[in-house]
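Counted from 1, the sequence shown has number 24 at position 24 by the UniProt record's numbering; the numbering is strictly sequential.
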Amino acid sequence: MEAAELARRLAPQPLRSITSLAGRTRNPANLDGDVRSGGFGGAEGLARYIEAEDVTLVVDATHPFATQISPNAAKAAELTARPIIRLERPAWQKTEGDRWHEVATLEDAASAIPSGARDMLALGRQHIAAFAARHDVHFVVRMIDPPEAPLDLASYELVLARPGKCGDEEVFLRERRITHIVCRNSGGTASYAKLKAARTLQIPVILIARPPQSFANAVGDIEAVLDFIEAHTGLRLA
């Protein structure tokens, strides 16, 4: 979401922006500027791409849980002597009324679900396997794209939909009699509505913490990224 907003902000500027997508979403939203999809072949492959496209600086706006892409971007920037900045969306913070149980891993989240629960899994298909052993839980799995094969869960309902607004999320949770939610602390606004709805309905949330990562140059908002671009290009961005 931050990458899309940054691409929009850069579109009218006198520079070329390239947004690289991981390629996991089948029908991604339209983005301004140049767009590519798929991997690079590790840090060295990304470094070759940077050189070939004459990229002058790198903005790492990947997902907070993208533990491989960010180190590769940092290494590629080092190999090519390009400046790099990390745009890290702030994590969600617990507020009054939240019933959060914070855990470190997917496996911890699977263990934390009580027997007999009707659990909403707000996770991508690549994270579902950790819950396969919970035959005593009924899962409601919400995804954007349909999985290529049936999910490895004993009891589940698959819902193909994007996150909605708070009122829509309340209806979703009520209609499916959700007793617990499992999600990752991705931060941002796009999927926060389900946490607000859970607060209103007093539904416990099992929240997976972000993996520990360290960034030499990280900021929390797009304005700071634009300042960085100005400083390294000499441009005055409108």
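Built from N, CA and C at the ideal position, the CB exists for glycine as well.
- Message: For a test of the three-state rule: what should DSSP assign to residue 40, helix, strand or coil?
- Response: Taking the sequence shown and counting its residues from 1, one reaches residue 40 at position 40. If DSSP states are grouped into helix, strand and coil, residue 40 belongs with coil.
- Message: 7 Å is my cut-off, CB to CB: does residue 141 come that close to chain D?
- Response: Within the model displayed, chain D is absent; a lone protein chain is all it includes.
- Query: Can you list the beta strand (DSSP E) stretches of 3 or more residues lying completely in the stretch 46-105, in chain order?
  - Reply: 58-60, 84-87, 100-103
- Query: How long is the line joining the alpha carbons of residue 216 and residue 88, rounded to whole angstroms?
  - Reply: Stepping through the sequence shown from its first residue, residue 216 is reached at position 216. Stepping through the sequence shown from its first residue, residue 88 is reached at position 88. Using only the alpha carbons, I get a separation of about 12 Å.
- Rounded separation between residue 219 and residue 59 - CA only: For the purposes of this step, residue 219 is identified with residue 219 of the sequence shown, where counting begins at 1. For the purposes of this step, residue 59 is identified with residue 59 of the sequence shown, where counting begins at 1. In a straight line, the C-alpha of residue 219 is about 11 Å away from that of residue 59.
- Check the C-beta distance from residue 132 over to residue 163 and give it rounded, since I have them as a contact under 8 Å. Looking up residue 132 in the sequence shown gives position 132. Looking up residue 163 in the sequence shown gives position 163. Between residue 163 and residue 132 the Cβ distance is about 24 Å, and since that is not below 8 Å, they are no contact.
- Tell me which same chain residues have a C-beta within less than 7 Å of the C-beta of residue 188, skipping the five on either side of it? For the purposes of this step, residue 188 is identified with residue 188 of the sequence shown, where counting begins at 1. Same-chain partners within the cutoff: 1, 89.
- Collapsed DSSP secondary structure at residue 168 in the structure displayed: Sequence index remark: in the sequence shown, residue 168 carries index 168 (1-based). Residue state, collapsed to three classes: helix.
- With DSSP run on the structure shown, which of helix, strand or coil describes residue 199? Looking up residue 199 in the sequence shown gives position 199. Residue 199 falls in the helix class under three-state DSSP.
- Query: Going by beta carbon distance, what residues of the same chain come within less than 6 Å of residue 151, once the five residues before and after it are set aside?
  - Reply: As a working mapping, residue 151 is identified with position 151 in the sequence shown. Excluding residues within five positions, the ones whose Cβ falls inside 6 Å are 128.
- Message: Assuming contact is defined by CB atoms lying nearer than 7 Å, are residue 193 and residue 102 in contact in what I supplied?
- Response: By 1-based counting over the sequence shown, the position of residue 193 is 193. By 1-based counting over the sequence shown, the position of residue 102 is 102. No, Cβ-Cβ distance for residue 193 and residue 102 is not below 7 Å.
- DSSP on residue 137, reduced to helix/strand/coil? In the sequence shown, the residue the question calls residue 137 occupies position 137. If DSSP states are grouped into helix, strand and coil, residue 137 belongs with coil.
- Item | Start-to-end residues for the beta strand (DSSP E) that takes in residue 178 | Walking along the sequence shown from the start, residue 178 turns up at place 178. Taken as a continuous stretch (DSSP letters only), residue 178 belongs to no beta strand (DSSP E), as it is neither H nor E.
- Pairwise C-alpha distance: residue 75 and residue 242: This structure gives no information on residue 242, because the portion of the chain shown stretches from 1 to 238.
- Query: With a cut-off of 8 Å, do at least 3 Cβ pairs link the stretch 96-110 to the stretch 10-22?
  - Reply: no
- What did DSSP end up calling residue 207 once you bin it into helix, strand or coil? Along the sequence shown, read from residue 1 onward, the residue named residue 207 stands at position 207. Residue 207 falls in the strand class under three-state DSSP.
- With DSSP collapsed to three states, give me the class of residue 233. Numbered from its first residue, the sequence shown carries residue 233 at position 233. Note: residue 233 maps to helix in three-state DSSP.
- Message: Do residue 222 and residue 5 have their beta-carbon atoms positioned less than 7 Å apart in this structure?
- Response: By one-based count along the sequence shown, residue 5 stands at place 5. By one-based count along the sequence shown, residue 222 stands at place 222. Cβ atoms of residue 5 and residue 222: closer than 7 Å.
- Message: Can you tell me where the alpha helix (DSSP H) holding residue 153 begins and where it ends?
- Response: Your numbering for residue 153 matches position 153 in the sequence shown. No alpha helix (DSSP H) holds residue 153; DSSP gives it neither H nor E.
- Within this structure, are the beta carbons of residue 185 and residue 100 separated by less than 7 Å? Taking the sequence shown and counting its residues from 1, the one referred to as residue 185 is at position 185. Taking the sequence shown and counting its residues from 1, the one referred to as residue 100 is at position 100. Not a contact, by the Cβ cut-off of 7 Å.
- Query: Between residue 62 and residue 42, what straight-line distance do the alpha-carbon atoms span, to the nearest angstrom?
  - Reply: As a first step, residue 62 must be located in the sequence shown, where it is residue number 62. As a first step, residue 42 must be located in the sequence shown, where it is residue number 42. Looking at the two C-alpha atoms, the distance is approximately 15 Å.
- What's the C-alpha gap between residue 13 and residue 79? What you label residue 13 is simply residue 13 of the sequence shown in a count that begins at 1. What you label residue 79 is simply residue 79 of the sequence shown in a count that begins at 1. Going from the Cα of residue 13 to the Cα of residue 79 covers about 27 Å.
- Message: Quick check: the Cα distance between residue 94 and residue 182, rounded to an integer number of angstroms?
- Response: Residue 94 sits at position 94 when you count from the first residue of the sequence shown. Residue 182 sits at position 182 when you count from the first residue of the sequence shown. The alpha-carbon atoms of residue 94 and residue 182 are separated by roughly 15 Å.
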